[in-house]
Ligand code: FE2
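In my numbering, the protein residues as written are 3 to 431.
So this is what it looks like as structure tokens:
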């Protein structure tokens, strides 16, 4: 093998097996195998820890992130007070402040191995202030983070005067994906009309679609059915995602038995947001209280791609979060009761490979030819990574280390099954 730039030695791949070496040249993976003999300018010992492609967040709101407390705190913690609060904050937003907060969040993300984010940006603003700010941020972070932007009409593309025009202008400026919020339109009929109009717009422009869809506890909110039908009618298969889909939690089982095959047939992906769905849904219930998250195991069983998104971090809707997709996977696993061995691994896929597929990321993965974007986790396998919200020992972008975090003393394995965490921290006797 010719000279390479970097050899990442002794790493465990997500599928397990004996530790492998990864050879990297010109920002790409050139070979993966045991004990590679390539001459390398630099070598890093992975010490048998888990290496994965980076985390991917399929659903985020970067225009509001880190604005917690502005102009006041959401006292009730509810979705409706959050939307009202965002309405109060919007006229006070300054472009520089949005940029500053977004860049700070991207730093957090990169340090946690989160190197691709699909962020919705509110386009119900004639000034398109947040849109311009995030387009600028997309450019600034490009060397280390793929930021994909969704034109999101927060107040309803039909309900909010002028939103059809501002949404188109946002796309003209270079926003990547068409968004929507059909359940927030004035009527069910308007919601369905908005889905049709937005899907036609995406088809005309050759863009992907990602709508906030049925983010309610109303079992009759059924815009996902229209989204699937429009996807099929317009030939958008594989390019459309329904975000949240929380009403599906409350729908009649018989109806869902018809709906899920329609979603599968249309090639529509689902994006659940476990941290937010578990806190915002079911708020009108007494007891029993619904969880509100969409039917993740059932969608997966039908072959529908399901990703988990972070949705919010420290904003009007959510006063928690840190950009850690393992925290998102951890919550998703619990809320969906995905505690079977295969199901826990699917929760890891829901924050890595599946959202990468939904975003259409080029060169994502650990095969030769893929971009050398890697995360070395202080864990032995994906399930342990979720359990520990494992330390990102090293984050690499295009073959360059962009972040390191010192190892933590952690309970890595059951007693007697493997060495204790501290064993490898101690110098050899
Ligand atoms: Fe959202």
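Ideal placement from N, C-alpha and C gives every residue a C-beta, glycine not left out.
What do you reckon, is the C-beta of residue i under 6 Å from a heavy atom of ligand 1?
{"i": "residue 313", "result": "yes"}
If we call anything under 7 Å between Cβ atoms a contact, is residue i one with residue j?
{"i": "residue 307", "j": "residue 356", "result": "yes"}
{"i": "residue 78", "j": "residue 317", "result": "no"}
{"i": "residue 374", "j": "residue 75", "result": "no"}
{"i": "residue 179", "j": "residue 138", "result": "no"}
{"i": "residue 311", "j": "residue 273", "result": "yes"}
{"i": "residue 395", "j": "residue 410", "result": "no"}
{"i": "residue 228", "j": "residue 194", "result": "yes"}
{"i": "residue 442", "j": "residue 314", "result": "A question about residue 442 goes unanswered here, because the residues of the chain that appear run from 3 up to 431."}
{"i": "residue 38", "j": "residue 14", "result": "no"}
{"i": "residue 233", "j": "residue 258", "result": "no"}
{"i": "residue 331", "j": "residue 388", "result": "yes"}
{"i": "residue 376", "j": "residue 340", "result": "no"}
{"i": "residue 133", "j": "residue 103", "result": "no"}
{"i": "residue 309", "j": "residue 226", "result": "no"}
{"i": "residue 401", "j": "residue 7", "result": "yes"}
{"i": "residue 384", "j": "residue 55", "result": "no"}
{"i": "residue 236", "j": "residue 201", "result": "yes"}
{"i": "residue 172", "j": "residue 130", "result": "yes"}
{"i": "residue 196", "j": "residue 61", "result": "no"}
{"i": "residue 404", "j": "residue 107", "result": "no"}
{"i": "residue 299", "j": "residue 338", "result": "yes"}
{"i": "residue 453", "j": "residue 319", "result": "Residue 453 cannot be examined here, being either before or after the span of the chain that is shown, 3 to 431."}
{"i": "residue 149", "j": "residue 142", "result": "no"}
{"i": "residue 285", "j": "residue 80", "result": "yes"}
Can you round the beta-carbon distance between residue i and residue j to whole angstroms, since I take them to be within the 8 Å contact cut?
{"i": "residue 11", "j": "residue 45", "result": "6 Å"}
{"i": "residue 296", "j": "residue 248", "result": "6 Å"}
{"i": "residue 135", "j": "residue 363", "result": "Not a contact, Cβ separation roughly 23 Å."}
{"i": "residue 57", "j": "residue 116", "result": "4 Å"}
{"i": "residue 230", "j": "residue 203", "result": "About 18 Å; that fails the 8 Å criterion."}
{"i": "residue 121", "j": "residue 72", "result": "Contact flag wrong, Cβ pair sits at about 18 Å."}
{"i": "residue 4", "j": "residue 20", "result": "No, residue 4 and residue 20 are not in contact; Cβ-Cβ is about 25 Å, not under 8 Å."}
{"i": "residue 48", "j": "residue 390", "result": "Actually they do not touch by this definition, with Cβ atoms about 17 Å apart."}
{"i": "residue 220", "j": "residue 292", "result": "With a Cβ gap of about 11 Å, residue 220 and residue 292 do not count as contacting."}
{"i": "residue 260", "j": "residue 304", "result": "Wrong, their Cβ atoms sit about 12 Å apart, outside the cutoff."}
> So, do the segment 323 to 331 and the segment 110 to 117 have three or more beta carbon pairs nearer to each other than 8 Å?
Replying inline: Per the Cβ contact rule, the segment 323 to 331 is in contact with the segment 110 to 117 (3 or more Cβ pairs under 8 Å).
> Any chance the segment 21 to 35 sits against the segment 96 to 103, with 3 or more Cβ pairs inside 8 Å?
Replying inline: Counting C-beta pairs closer than 8 Å gives fewer than three between the segment 21 to 35 and the segment 96 to 103, which falls short of the contact rule.
>> Below 8 Å, how does it come out for the segment 278 to 285 and the segment 241 to 259: are there three or more Cβ pairs, yes or no?
In response: Yes, they touch.
> Can we say the segment 152 to 166 touches the segment 116 to 126, given the rule of at least three CB pairs closer than 8 Å?
Replying inline: In short, these stretches touch, since the Cβ pair count reaches three.
>> Whether or not the segment 165 to 185 and the segment 204 to 224 are in contact is what I'm after, with contact meaning three or more pairs of Cβ atoms, one per stretch, closer than 8 Å; do they touch?
In response: Flag = yes, the segment 204 to 224 and the segment 165 to 185 touch.
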